[in-house]
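One structure is given here, and the rest of the page talks about it.
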Amino acid sequence: MAIERTFSIIKPDATARNLTGKINAMLEAAGLRIVAQKRLHMTRAQAEGFYAVHKARPFFGELCTYMTSGPVVVQVLQGENAIARNREVMGATDPAKAAEGTIRKTYGEGIERNCVHGSDAPETAAEEIGYFFSGIELVG
Ligand code: ADP
Ligand code: MG
């Protein structure tokens, strides 16, 4: 299995509840290594750019409002099969449908306020990492 990198966000609902450390512990327990991390407060334009693929979805405006409502922690995670492994430990988009022991099941508040983002494919991982980080910030 190849070593991969994926992009992750600890979302505003989670930073508001001071869950960064608890979520990081779950990521690390899942075999993922945090090779870059920073806390920032996204502007509207940055959120709209990040979620451009969802522009046509009915929840796009609300999603951008939520993602700019407070600080986030953006991260690059590295490990074997990191993209799938992260999606697994995150759990389903809707916390009510997420498996026991996942981040979203444990801490998610609802389908929008679901604690974490994780890339869904190698192409989106590379694109999303590049949106927030430069190469010298990734320390594996
Ligand atoms: P995921 O984050 O699991 O990859 P999506 O890419 O489909 O899910 O959606 C991106 C984000 O948009 C979700 O994590 C969630 O915060 C929000 N979202 C998804 N579906 C809905 C919905 N039906 N209503 C409100 N917000 C939603
Ligand atoms: Mg997605």
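Here our numbering runs 305 ahead of the position in the sequence shown, where the first position is 1. All C-beta atoms, glycine included, are put in the ideal place defined by N, C-alpha and C.
8 angstroms Cβ cutoff met for residue i and residue j
i: I339; j: V421; result: no
i: V379; j: L345; result: yes
i: I408; j: V394; result: yes
i: L324; j: G384; result: no
i: T311; j: G375; result: no
i: K410; j: G423; result: no
i: A341; j: I388; result: no
i: A352; j: T373; result: yes
i: F438; j: V377; result: no
i: N451; j: E309; result: This structure does not reach residue 451, given that the chain is present from 306 up to 445, and the question cannot be answered.
i: R322; j: Y371; result: no
i: F365; j: Y436; result: no
heavy atom of the ligand ADP below 7 angstroms from residue i C-beta
i: D318; result: no
i: F289; result: The requested residue 289 does not occur in the structure, where the chain is confined to residues 306 to 445.
i: I314; result: no
i: E367; result: yes
i: N391; result: no
i: I416; result: yes
i: H346; result: no
i: N419; result: yes
Closer than 7 angstroms: residue i CB and nearest the ligand MG heavy atom
i: D399; result: no
Nearest-angstrom beta carbon gap, residue j and residue i [assumed within contact, 8 angstroms]
i: C369; j: R349; result: 6 angstroms
i: E405; j: D318; result: Actually they are not in contact, since the Cβ atoms of E405 and D318 sit about 20 angstroms apart, beyond 8 angstroms.
For residue i: DSSP bridge partner residues
i: Q383; result: R310 and R338
i: H422; result: I314
Secondary structure, alpha helix (DSSP H): runs of 4+ residues fully inside the stretch 333-378: 349-355 and 365-372
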